[in-house]
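Engineer:
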Amino acid sequence: MTLLDFARGPAMQIAIIIFILGIFWRLVGVWALRHKKDLSEPRQKGAWIGGIKGLFVHAWPYKPFVPKVGTQYIVGYIIHLGLFIVLIFGTPHMLFFADIVGFTWWTLPGGVITATAVITTLALFIALAKRLTNPVQRLISNFDDYAAWALTTAPFVTGLMTKWNMWPHYETGLAIHLLSVWLLLIYFPFGKLMHSFWFVVSRYTTGSRFARRGGMA
């Protein structure tokens, strides 16, 4: 069995199983938490509206904070949007998913995907530089933050190296790229990358609770 065979076979299967079981375990863990019933009288009706508002109101910082954290928000959006575009609209990735779901969809030209991957990679390194140079961010950062960064960046770097034929052997480079993706999947449920699942619930809950108490989301 070659390294590429391992990456396309057992490694992929193990990673997907751990990813699914890990997500399920985290979701069940949160669902099983005991929630204290709010016995206070609501100060306004329609708390769910505050929950919906909470999903969007923090999409951009309040005006007084823009000079300090505006760039951080922009970099974050570039990373998330870039990851989505490359993963969903890159032809090789689409073909991979098509084998699973049984249908294909429209993709972007290879040059656009490559440019998006480059921009996203640069944004990831800017985010790391910001974390290392900002005293507050550096103080509150731990292993999870740096591991999440490394495991998110690795598929972009290895993917670009494979695209540009920078490996001594293409098959080895492709295998390393795939293995970097599987490592990301394995780590995903157990670290801060789970915010991809939590942020909607968290923002909605915060917004609805604030609205119930007559506050702003």
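Per the working numbering, the very first residue in the sequence shown carries number 39; after that it's consecutive. We put the CB at the ideal spot given by N, CA and C, even for glycine.
(1) Given leucine 221, which residues of its chain have a CB within under 7 Å of its CB, disregarding the five upstream and five downstream residues?
(2) Is it right to say tyrosine 100 is buried, meaning 16 or more other beta carbons lie within 10 angstroms of its own, or is it exposed?
(3) Taking just the CA atoms, how far does isoleucine 117 sit from alanine 53?
(4) Enumerate in chain order the residues of its own chain whose CB-to-CB distance from alanine 136 is below 6 Å, with the five nearest sequence positions on each side excluded.
(5) Considering just the uninterrupted stretch of the alpha helix (DSSP H) at glutamate 209, what are its terminal residues?
(6) Report, in whole angstroms, the separation of the C-beta atoms of lysine 230 and aspartate 183, which I expect to be a contact under 8 Å.
(7) Around the C-beta of glycine 140, are 16 or more other C-beta atoms found within 10 angstroms, so that it is buried, or is it exposed?
(8) Checking 7 Å against the spacing of the C-beta atoms, do leucine 162 and alanine 45 come in under that value?
(9) Can you have a look at leucine 59 and say buried or exposed, based on whether 16 or more other CB atoms are within 10 angstroms of its CB?
(10) Given a threshold of 16 other Cβ atoms within 10 Å of its Cβ, counted over all protein chains shown, does arginine 81 qualify as buried or as exposed?
(11) With a 10 Å radius around its C-beta and 16 neighbouring C-beta atoms as the bar for buried, classify glycine 89 as buried or exposed.
(12) Here's a check: name, in chain order, each residue in its chain whose Cβ is nearer than 6 Å to the Cβ of serine 179, leaving out the five neighbours to either side.
(13) Are the region 113-130 and the region 149-156 touching, with three or more C-beta to C-beta distances below 8 Å?
(14) Taking the alpha-carbon of glutamine 110 as reference, which of Gly120, Leu121, Pro102 and Trp98 has the nearest alpha-carbon?
(15) Considering just the uninterrupted stretch of the alpha helix (DSSP H) at glutamine 82, what are its terminal residues?
(16) Which same chain residues, not among the five before or five after glycine 252, have their C-beta less than 8 Å away from its C-beta?
(17) Can you give me the C-alpha to C-alpha distance between methionine 199 and tryptophan 205, rounded to a whole angstrom?
(18) How about alanine 186 and valine 113: do their beta carbons lie closer than 7 Å?
(19) I need the boundaries of the alpha helix (DSSP H) containing histidine 96, first residue and last residue.
(20) Just the Cα atoms here: how many angstroms apart are tyrosine 115 and serine 234?
(21) In chain order, what residues of the same chain lie with their CB nearer than 8 Å to the CB of tryptophan 63, ignoring the 5 residues before and after it?
(22) For the alpha helix (DSSP H) holding leucine 160, just list the boundary residues, first then last.
Structural biologist: Put simply:
(1) Taking C-beta separations shorter than 7 Å and ignoring five residues to either side along the sequence, the partners of leucine 221 in its chain run Leu189, following chain order.
(2) When all chains shown are included, tyrosine 100 counts as exposed.
(3) Looking at the two C-alpha atoms, the distance is approximately 23 Å.
(4) Only residues of its own chain outside the window of five on either side were considered, and among them Thr142 have a CB closer than 6 Å to the CB of alanine 136, listed in chain order.
(5) Residues 208-225.
(6) Contact flag correct, Cβ pair sits at about 7 Å.
(7) The residue is exposed, with fewer than 16 neighbouring Cβ atoms inside 10 Å.
(8) No. Outside cutoff.
(9) Counting of Cβ neighbours within 10 angstroms places leucine 59 among the exposed residues, the total staying below 16.
(10) Flag for arginine 81 reads exposed.
(11) Within 10 angstroms of the beta-carbon of glycine 89 lie 16 or more other beta-carbons, which makes it buried.
(12) Here the set comprises Arg169.
(13) Pairwise C-beta distances place the region 113-130 in contact with the region 149-156, as three or more of them are shorter than 8 Å.
(14) Its Cα nearest to that of glutamine 110, the residue Trp98 stands out among Gly120, Leu121, Pro102 and Trp98.
(15) Boundaries for glutamine 82: no alpha helix (DSSP H) harbours it, and the DSSP string shows neither H nor E there.
(16) Taking glycine 252 as the centre and dropping the five residues before and after it, the same chain places the C-beta of Arg81 and Gln82 closer than 8 Å to its C-beta, in chain order.
(17) Methionine 199 and tryptophan 205: Cα-Cα distance of roughly 7 Å.
(18) Not a contact, by the Cβ cut-off of 7 Å.
(19) Taken as a continuous stretch (DSSP letters only), histidine 96 belongs to no alpha helix (DSSP H), as it is neither H nor E.
(20) CA-to-CA, the gap between tyrosine 115 and serine 234 works out to about 13 Å.
(21) Excluding positions up to five away in sequence, the list reads Pro227.
(22) In the DSSP assignment, leucine 160 falls within the alpha helix (DSSP H) that extends over 148-171.
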